[in-house]
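What follows is one structure encoded as structure tokens, with my remarks underneath.
Number of protein chains: 2
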Amino acid sequence: MSLKEIGEFGFIKKISRGCLIRPDTIVKAIGDDAAAFRSDPEQLTLMTTDLLVERIHFLRAAISGFDLGYKALAVNLSDIAAMGGTAREAFVSIAIPDDCQLDYLDDIYDGIKDLAAEFDINILGGDTTRSKIDLIINIVIQGIVPDKEILCRDAARPSDVICSTGFLGDSKAGLHLILNQIAADTQGLKSLLKAHNRPQPHLREGRFLARQPGVHAAIDTSDGLSSDLGHIAQESQAGARLYADKIPISPNLKDFCARFDFDPVKYALSGGEDYTLLCTIAFEHAEEIAHDFEKKFKRTLFAIGEITADKQFTLIYPDGKTKPITPTGWDHFKAK
Amino acid sequence: MSLKEIGEFGFIKKISRGCLIRPDTIVKAIGDDAAAFRSDPEQLTLMTTDLLVERIHFLRAAISGFDLGYKALAVNLSDIAAMGGTAREAFVSIAIPDDCQLDYLDDIYDGIKDLAAEFDINILGGDTTRSKIDLIINIVIQGIVPDKEILCRDAARPSDVICSTGFLGDSKAGLHLILNQIAADTQGLKSLLKAHNRPQPHLREGRFLARQPGVHAAIDTSDGLSSDLGHIAQESQAGARLYADKIPISPNLKDFCARFDFDPVKYALSGGEDYTLLCTIAFEHAEEIAHDFEKKFKRTLFAIGEITADKQFTLIYPDGKTKPITPTGWDHFKAK
Chain A
14 MSLKEIGEFG FIKKISRGCL IRPDTIVKAI GDDAAAFRSD PEQLTLMTTD
64 LLVERIHFLR AAISGFDLGY KALAVNLSDI AAMGGTAREA FVSIAIPDDC
114 QLDYLDDIYD GIKDLAAEFD INILGGDTTR SKIDLIINIV IQGIVPDKEI
164 LCRDAARPSD VICSTGFLGD SKAGLHLILN QIAADTQGLK SLLKAHNRPQ
214 PHLREGRFLA RQPGVHAAID TSDGLSSDLG HIAQESQAGA RLYADKIPIS
264 PNLKDFCARF DFDPVKYALS GGEDYTLLCT IAFEHAEEIA HDFEKKFKRT
314 LFAIGEITAD KQFTLIYPDG KTKPITPTGW DHFKAK
Chain B
14 MSLKEIGEFG FIKKISRGCL IRPDTIVKAI GDDAAAFRSD PEQLTLMTTD
64 LLVERIHFLR AAISGFDLGY KALAVNLSDI AAMGGTAREA FVSIAIPDDC
114 QLDYLDDIYD GIKDLAAEFD INILGGDTTR SKIDLIINIV IQGIVPDKEI
164 LCRDAARPSD VICSTGFLGD SKAGLHLILN QIAADTQGLK SLLKAHNRPQ
214 PHLREGRFLA RQPGVHAAID TSDGLSSDLG HIAQESQAGA RLYADKIPIS
264 PNLKDFCARF DFDPVKYALS GGEDYTLLCT IAFEHAEEIA HDFEKKFKRT
314 LFAIGEITAD KQFTLIYPDG KTKPITPTGW DHFKAK
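Protein chains in written order, with the numbering used here: chain A, 14 to 349; chain B, 14 to 349.
So this is what it looks like as structure tokens:
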């Protein structure tokens, strides 16, 4: 059996066996956005880590050092945000090929430090080493969350309202510009490029949601709406219904899709790396929370669908037509 | 200025600026074997991480998957041992090139799990992704240590006895066999190879030492005796005197050096990756601690020299001749 056959999630399932040998203090092990374990009677420690490899996750020629560092930290912070936590300490490891300039490395650390300062995060250590060809960055984040406020993937309940803390699909459009070497010649395209290169971790939004009664499950949109919501549905043993006309498409993405002839709904469904939070909220609390969210963040908390008791995953169009959704998010290993 | 000019330690110094923005709970940031921060009134959290890159740290053809996984975890546990701590949770990230077989990956995780089980460590998460060419493994360890027992690099005092918890140089000899494709055709050579491929983290020894009154500083021998002791001396603003005839050379290394015409003392001084602990002990406690160590571990705690008030770093031969020691351990970036 090969890695391509079992895929990333098959591989993770395989390696997860026998990993938990002292389960007494563990709340979440492999399988959520971050691991969670008890550090004191009322608080949990959160830990998450992401490994970024050149030519897989980024092209050095296509991203500034500053953006690369910023993004490497942002994707990790987003995992803490998705658990409802506060990020505290960061550890940065880097493997550097000979052709990587010191200026570029300085810019990477400037990008990391810039975002770390915004969220009051210390950089406490890491590892520095060489690499033969590819630049490699691994960041680890330690965070905390009050025991009773942790948000997990497996806590969605039927009739919960599914919400997103931001627009979806912008980052994928930015990636399209990079991969097809299309110049970002308008303010709109520049914004899409920035959505891809400098994603904003929704840590404050995650803390806000974690404190509200009725917010059940959460995940960040790293792999794409269909895939990430698929994780929530699967882990919660439920289904989901999404309304095509409620999926939040930014004006920039609308222009982009019109110009390059893409379907914006499909784009938002399959696009990854937006790093908004998807959460599910008990129906009776959803409206008030959305109201308070808008008041606090001056942005909309988009209600895009509902969790269902059946395990179907369906897209509903304004004319009433329905279409099954197949999670199409990112699997690093499966043959495409 | 290039990376080769400033070297690994120059680079670390450069990137360390501006990393600590919330210092209130931090005991050790960048610059010791692990970071340490307060998690409750009497206990510190320890965090360490190591990034292993194919063709820099290992050759896939020359090490079994099991040994690679075992060693990747061992080198991290050794950092926790050097702080006097107990390892608790592990996070394993891996970037896998297409030509890496599933069997080899299974073996890596078997090696990790084997050592994790021995020290009661959970594997709680990580990241799995692809790589273009090189296999990359990053492991993070979270551990704990009682506040009053932490062992740091900067706590050595003049007249402290310098001790090693094991033989030095064996691992370098094992590496010599691998790099020169010399068959390990005797039991002795096999042992040297094993010292390189499956190092034993001295976690129990570290905890024992941390609990003894009079044990001041500690570090693990990852870069080599001269370099690692150099770190202790430098951080403690002191010097060190080593006795050539007291440096612990295993019978296997003696045979190896005789056969391949190496000076065993030089070998032990410059060899890295032994992962014994170097510690410094107040003179009046050293003998009793060595006695108790031997009783507990059925092995010798080797006394190899003393910390000095002057900042000299000297090797003393049995005939009284002295030679200055220049730390010759591993710097990943400096041109050799």
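Quick reminder that beta carbons are idealized off the backbone N, C-alpha and C, glycines included.
Contact list for Arg-35 of chain A against chain B, beta-carbon separation under 7 Å: Asp-133, Asn-135
Sufficient close CB pairs (3 or more, under 8 Å) joining the region 146-159 of chain A to the region 186-202 of chain A: no
Three-state secondary structure (DSSP) of Arg-51 of chain A: strand
Proximal chain A residues relative to Gln-155 of chain B, where beta-carbon distance stays under 8 Å: Thr-58, Met-60, Gln-155
Reduced DSSP secondary structure (H/G/I, E/B, other) of Ser-240 of chain A: helix
is_contact[Ile-39 of chain A, chain B] using C-beta, thresh 8 Å: yes
For Pro-264 of chain A and Ile-25 of chain A, the rounded distance between their alpha carbons: 37 Å
8 Å contact criterion, which Phe-132 of chain B and Glu-218 of chain B should meet: CB distance rounded: Between Glu-218 of chain B and Phe-132 of chain B the Cβ distance is about 12 Å, and since that is not below 8 Å, they are no contact.
8 Å Cβ cutoff, Cys-165 of chain B in contact with chain A: no
With 16 other Cβ atoms within 10 Å as the buried cut-off, status of Lys-349 of chain A: Caution is warranted here: a pLDDT of 45 is assigned to Lys-349 of chain A, below 50, making its placement in the model unreliable, and the coordinate value is therefore given only provisionally. Under this definition Lys-349 of chain A is an exposed residue.
Extent of the continuous alpha helix (DSSP H) run through Phe-315 of chain A: Phe-315 of chain A -> not in any alpha helix (DSSP H); beta strand (DSSP E) instead, spanning 315-321.
Endpoints, the beta strand (DSSP E) within which Ser-106 of chain B is located: 99-109
Leu-188 of chain A to Leu-118 of chain B span [Cα, whole Å]: 31 Å
Distance CB(Leu-202 of chain A)-CB(Phe-269 of chain A) smaller than 8 Å: yes
Contact with chain A by Phe-104 of chain B, beta-carbon distance below 8 Å: yes
Spatial distance of Pro-277 of chain B from Ile-262 of chain B (CA atoms): 7 Å
Buried versus exposed call for Ala-74 of chain A [16 or more other C-beta atoms within 10 Å across all chains shown]: exposed
8 Å Cβ cutoff, Thr-142 of chain B in contact with chain A: yes
Collapsed DSSP secondary structure at Phe-22 of chain B in the structure displayed: helix
Residue from B:Ile-136, B:Ile-154, B:Asp-147 whose Cα sits closest to the Cα of Ala-47 of chain B: B:Ile-154
Extent of the continuous beta strand (DSSP E) run through Gly-194 of chain A: It should be noted that the sequence gives Gln, not Gly, for residue 194 of chain A. Element bounds for Gln-194 of chain A: n/a, residue is neither H nor E.
Proximity to Thr-293 of chain A [Cα-Cα], best of A:Ser-177, A:Ser-15, A:Gly-31, A:Gly-285: A:Ser-177
Contacts of Val-66 of chain A in chain B (Cβ-Cβ under 8 Å): Ala-108, Thr-142, Arg-143, Ser-144, Lys-145, Ile-149
Proximity below 8 Å, CB of Ala-281 of chain A to CB of Asn-135 of chain B: no
Cβ pair Ile-149 of chain A, Ala-103 of chain A closer than 8 Å: no
Cβ shell of Asn-89 of chain B (< 6 Å), same chain only, five flanking positions each side left out: Thr-61, Asp-63, Ile-152, Ile-154
Cutoff 8 Å: Lys-349 of chain A Cβ touching any chain B Cβ: Since pLDDT at Lys-349 of chain A reaches only 45, below the 50 mark, its modelled position is unreliable, and the value read off the structure follows with that caveat. No - not a single Cβ of chain B is within 8 Å of the one on Lys-349 of chain A.
Assigned exposure category for Asp-241 of chain B - 16 Cβ within 10 Å defines buried: buried
Ser-45 of chain A (DSSP reduced to helix, strand or coil): Going by the sequence as given, residue 45 of chain A is Asp instead of Ser. In the structure shown, Asp-45 of chain A sits in a strand (DSSP, three-state: E or B).
Three-way DSSP call (helix, strand, coil) for Ser-249 of chain A in this model: coil
6 Å Cβ shell around Leu-255 of chain A - same chain, five flanking residues per side excluded: Ile-317, Gly-318, Leu-328
6 Å Cβ shell around Phe-306 of chain B - same chain, five flanking residues per side excluded: Leu-314
The region 71-98 of chain A: positions lying closer than 7 Å to chain B by Cβ: none
Chain A within 8 Å of Ser-184 of chain B, Cβ atoms only: no
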